[in-house]
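Worksheet: one structure, shown below.
In the numbering used here, the protein residues as written are 15 to 117.
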């Protein structure tokens, strides 16, 4: 019915290059699955953990006149405020000024 020649069917084992490529694809697939599972497990562990406790803040912190806060950092028993002018103010945990460093 068809005048087109049929494709030859391969006989015998596949060539070594094809077997090597199949192994590479299998290893790559297993590596990608392991990596995806690792990412999922890490996300579940991170998201299931309770958020870190924020430090206790004093009722107020008195900044110098005209100072604007650029950054705020909490340490163990102290608070560091960096102003937009570059001044570093170190406060005790109760809000009293300990030290002032000017640029």
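Beta carbons are placed, not taken as given, at the ideal position from N, Cα and C, and that holds for glycine.
Beta-carbon contacts of residue i that lie in its chain and below 8 Å, excluding the five residues immediately before and after
i	result
residue 77	83, 95, 97, 103
residue 70	107
residue 105	72, 75, 92, 93, 94, 95, 111, 112
Cβ pair residue i, residue j closer than 8 Å
i	j	result
residue 88	residue 112	no
residue 49	residue 75	no
residue 72	residue 107	yes
residue 101	residue 81	yes
Continuous beta strand (DSSP E) stretch holding residue i: start and end
i	result
residue 89	83-89
residue 111	111-115
residue 106	102-106
Short CB-CB distance (under 8 Å) between residue i and chain E
i	result
residue 26	Any reference to chain E falls outside this structure, which holds one protein chain only.
Which complete beta strand (DSSP E) runs does the segment 17-75 hold, if anything under 3 residues is left out? DSSP runs (the beta strand (DSSP E)) wholly in the segment 17-75: none.
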